[in-house]
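In terms of our numbering, the numbers along the sequence shown are unbroken and rise by one, the last being 1011. Below: the structure, in structure tokens.
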Amino acid sequence: MDDLLSLKQAFIEESASVSDLSGLQGLRVKYTGKKGLLTARLKALSAVSPEQRPAYGKVLNEIKEYIEGFLKDREAQLKEGEKDRRLLAERIDITIPGRHTPFGRRHPINIILAEITDIFVSMGFGIADGPEVELDHYNFESLNIPKDHPARDMQDTYYVSDEVVLRTHTSPVQVRVMEQRKPPLRIIAPGKVYRCDADVSHTPMFHQVEGLMVDTAVTFSDLKGILELFVHSFFGKGTPVRFRPSYFPFTEPSAEVDIGCIFCGGKGCRVCKTTGWLEVLGCGMVNPRVFEMAGYDPGAYTGFAFGMGVERMTMLRYSINDIRLFYEDDLRFLGQF
């Protein structure tokens, strides 16, 4: 009996110092666990003499009920205290002014790309897509630019291997479409392109929109009419337009399209280099050699192609003088759009 009373007294003294659930769990294991002090007494009950066993068992059960009851009540108290502390720590003062979260904005390049696409879709052009990692065959050779052609120097190319490149324009999409479909065709190919170039007006990755129209009687007049309509839709009806002879291996004849400088009104300024004109896109009639490589009969079909840089169009629209601003993710800049 003295042993049992000592056990109870020891439990009372130890329980007085328990202040958290971890300590309470340790106390529970020490006394009521599989190898606990109380458990050992319960297992040894059969070894007590029959005369003493009833009294011994009664006291042992009373101590067991006391210990288990204490542990249960103390656990409830500690959990309630833990809950109160957590609620206090997580309390939100609703009188403090909230933080302003600015609304997101569409990126200026996406705005202009969508506008360009909408203009051509309204004229009956479909949208085509192709891989950004492209075969040399489609990026150059099928566009009348063989491996020894000097026009390859016009584009600083990222080579994945001797036969695989990061596309330098979206013209390969036009070739792939011609291989898969027969005329008449009227498509645009918007997308990302890559060139080894970086300064205030060039980036290693940028966006282009290129177009293609093929039918039995497509003329340069059709090309001029569609591109003039595009320029007037994009820059305004009064915008002057001129076609200036140029050279591209995949078109013949070829031309650059200029608009009257939107900054000085054609009077001459630093932006237009005092010429009064700004270049906006390149175009031309599809070279018969390109038709032959795509499987078209150049005697039966004619067509034209054109291409423009979306970043350049965006810079002209919003009077932006550094292309790198588009990719620095400065919220002060993007928030203006």
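Idealized CB from N, CA, C, for every residue including glycine.
(request) Check the DSSP bridge columns for residue 881 and list the partner residues they point to. (result) On the sequence shown, position 207 is the one that residue 881 refers to. Beta-bridge partners assigned by DSSP to residue 881: 866.
(message) Check this for me: beta carbons of residue 817 and residue 796, under 8 Å apart or not?
(response) Translated into positions along the sequence shown, residue 817 becomes position 143. Translated into positions along the sequence shown, residue 796 becomes position 122. In terms of Cβ geometry, residue 817 and residue 796 do not form a close pair [threshold 8 Å].
(request) Output the distance between the C-alpha atoms of residue 697 and residue 687, rounded to the nearest integer angstrom. (result) Translated into the one-based positions of the sequence shown, residue 697 becomes position 23. Translated into the one-based positions of the sequence shown, residue 687 becomes position 13. The alpha-carbon atoms of residue 697 and residue 687 are separated by roughly 14 Å.
(message) Here's the rule I'm using: 16 or more other beta-carbon atoms within 10 Å means buried, otherwise exposed. How should residue 807 be labelled?
(response) Taking the sequence shown and counting its residues from 1, one reaches residue 807 at position 133. With a 10 Å radius around the Cβ and a threshold of 16 neighbouring Cβ atoms, residue 807 comes out exposed.
(message) Just to confirm before moving on: does the CB-CB distance between residue 712 and residue 681 stay below 8 Å?
(response) The count along the sequence shown starts at 1 and reaches residue 712 at position 38. The count along the sequence shown starts at 1 and reaches residue 681 at position 7. Taking 8 Å as the cut-off, the beta carbon of residue 712 is found closer than this to the beta carbon of residue 681.
(message) Below 8 Å on the Cβ atoms is my contact criterion, and I expect residue 695 with residue 753 to pass it. Report the Cβ-Cβ distance as a whole number of Å.
(response) Residue 695 sits at position 21 when you count from the first residue of the sequence shown. Residue 753 sits at position 79 when you count from the first residue of the sequence shown. That belief holds up - the Cβ atoms of residue 695 and residue 753 are roughly 7 Å apart, short of 8 Å.
(request) Run the CB neighbour count on residue 810, radius 10 Å, all protein chains shown included, and call it buried at 16 or more, exposed below. (result) As a first step, residue 810 is located in the sequence shown; it is residue number 136 there, counting from the start. Label assigned to residue 810: buried.
(message) Within 10 Å of its beta-carbon, does residue 740 have 16 or more other beta-carbons around it, so buried, or fewer, so exposed?
(response) Indexing the sequence shown from 1 puts residue 740 at position 66. Exposed, since its Cβ has fewer than 16 Cβ neighbours within 10 Å.
(message) Restricting to Cα atoms, I'd like to know which of 820, 723, 876, 804 is closest to residue 995.
(response) Position 321 of the sequence shown, counted from the first residue, corresponds to residue 995. If we check each option's Cα against that of residue 995, 876 comes out closest.
(request) Since I believe residue 925 is in contact with residue 958 (beta carbons under 8 Å), could you give me their beta-carbon distance rounded to a whole number of angstroms? (result) Numbered from 1 along the sequence shown, position 284 holds the residue referred to as residue 958. Numbered from 1 along the sequence shown, position 251 holds the residue referred to as residue 925. Going by Cβ atoms, the distance from residue 958 to residue 925 rounds to 3 Å, so yes, they are a contact pair.
(message) Just list the residues that DSSP pairs residue 739 with in beta bridges.
(response) Locating residue 739 in the sequence shown gives position 65, where the first residue counts as 1. Looking at the DSSP output, residue 739 sits in no beta bridge, so it has no partner there.
(message) Considering only the alpha carbon of each residue, which of 896, 831, 942, 982 lies closest to residue 791?
(response) Here residue 791 refers to the residue found at position 117 of the sequence shown. Taking residue 791 as reference, the option from 896, 831, 942, 982 with the minimal CA-CA separation is 982.
(message) Can you check which of these residues, 953, 999, 936, 849, is closest to residue 643 by C-alpha distance?
(response) In the structure as shown, the chain starts at 675 and stops at 1011, and residue 643 therefore has no counterpart that could be examined.
(request) Compute the Euclidean distance between the alpha carbons of residue 842 and residue 948, then round it to the nearest angstrom. (result) Translated into the one-based positions of the sequence shown, residue 842 becomes position 168. Translated into the one-based positions of the sequence shown, residue 948 becomes position 274. Rounded to the nearest angstrom, the two C-alpha atoms are 30 Å apart.
(message) Report the CB separation of residue 848 from residue 867 in whole angstroms; it is logged as a contact under 8 Å.
(response) On the sequence shown, position 174 is the one that residue 848 refers to. On the sequence shown, position 193 is the one that residue 867 refers to. Contact doesn't hold; Cβ gap of about 13 Å is too wide.
(request) Starting from the N-terminal side, write out each stretch of the alpha helix (DSSP H) that is 4 residues or longer and does not extend beyond the region 890-962. (result) Entirely contained in the region 890-962, the alpha helix (DSSP H) runs reaching 4 residues are, in chain order, 894-909.
(message) If we define contact as Cβ-Cβ less than 8 Å, is residue 1005 a contact residue for chain C?
(response) In summary, chain C is missing from the structure at hand, where a single protein chain is found.
(request) Take residue 693 as the anchor and find which of 942, 725, 748, 729 has the nearest alpha-carbon. (result) Along the sequence shown, read from residue 1 onward, the residue named residue 693 stands at position 19. Here the closest residue by C-alpha is 748.
(message) Using a 10 Å radius around the Cβ and a threshold of 16 neighbouring Cβ atoms, would you call residue 705 buried or exposed?
(response) Within the sequence shown, numbered from 1, the residue matching residue 705 stands at position 31. With 16 or more other Cβ atoms inside 10 Å of its own Cβ, residue 705 counts as buried.
(message) DSSP three-state label for residue 823, please.
(response) Stepping through the sequence shown from its first residue, residue 823 is reached at position 149. Coil.
(request) Please report the residue range of the alpha helix (DSSP H) in which residue 852 lies. (result) Taking the first residue of the sequence shown as position 1, residue 852 is located at position 178. Run containing residue 852: 845-854, per the alpha helix (DSSP H) assignment.
(message) Am I right that residue 917 and residue 898 are in contact with their C-beta atoms under 8 Å? What's the rounded C-beta distance?
(response) The sequence position of residue 917 within the sequence shown is 243, counting from 1. The sequence position of residue 898 within the sequence shown is 224, counting from 1. So it is a contact: roughly 6 Å between Cβ atoms.
(request) Return yes when at least one heavy atom of the ligand COA lies under 7 Å from the C-beta of residue 941, else no. (result) Ligands in the displayed structure: none, and consequently the ligand COA is not present.
(message) Here's a check: name, in chain order, each residue in its chain whose Cβ is nearer than 8 Å to the Cβ of residue 1005, leaving out the five neighbours to either side.
(response) What you label residue 1005 is simply residue 331 of the sequence shown in a count that begins at 1. So the list reads 776, once near-sequence residues are dropped.
(message) Given a cut-off of 8 Å on the beta-carbon distance, is the pair residue 830 and residue 767 in contact?
(response) Locating residue 830 in the sequence shown gives position 156, counting from the first residue. Locating residue 767 in the sequence shown gives position 93, counting from the first residue. 8 Å or more divides the Cβ of residue 830 from the Cβ of residue 767.
(request) Return the Cβ separation of residue 905 and residue 915 in integer angstroms, given the expectation that the two are a contact with Cβ distance under 8 Å. (result) For the purposes of this step, residue 905 is taken as residue 231 along the sequence shown, with counting starting at 1. For the purposes of this step, residue 915 is taken as residue 241 along the sequence shown, with counting starting at 1. About 5 Å separates the beta carbon of residue 905 from that of residue 915, a gap short enough to meet the 8 Å contact definition.
(message) Assuming the contact rule is C-beta atoms closer than 8 Å, residue 763 and residue 802 should be a hit. Round their C-beta distance to whole Å, please.
(response) For the purposes of this step, residue 763 is taken as the residue at position 89 of the sequence shown. For the purposes of this step, residue 802 is taken as the residue at position 128 of the sequence shown. The Cβ separation is near 58 Å, so there is no contact.
(message) With H, G and I counted as helix, E and B as strand and the rest as coil, what does DSSP make of residue 792?
(response) On the sequence shown, residue 792 is found 118 positions in, with the first residue counted as 1. DSSP places residue 792 in the helix class (H, G or I) of the three-state scheme.
(request) Enumerate in chain order the residues of its own chain whose CB-to-CB distance from residue 744 is below 7 Å, with the five nearest sequence positions on each side excluded. (result) Taking the sequence shown and counting its residues from 1, one reaches residue 744 at position 70. Result list for residue 744: 689, in chain order.
(request) Report the rounded CA-to-CA distance for residue 685 versus residue 720, giving the unit in angstroms. (result) Residue mapping note: residue 685 aligns to position 11 of the sequence shown, counting from 1. Residue mapping note: residue 720 aligns to position 46 of the sequence shown, counting from 1. Just so you know, the alpha carbons of residue 685 and residue 720 end up roughly 23 Å apart.
(message) Report the CB separation of residue 960 from residue 888 in whole angstroms; it is logged as a contact under 8 Å.
(response) The residue given as residue 960 occupies position 286 in the sequence shown. The residue given as residue 888 occupies position 214 in the sequence shown. For a cut-off of 8 Å, the C-beta gap from residue 960 to residue 888 is around 7 Å, short enough to register as a contact.
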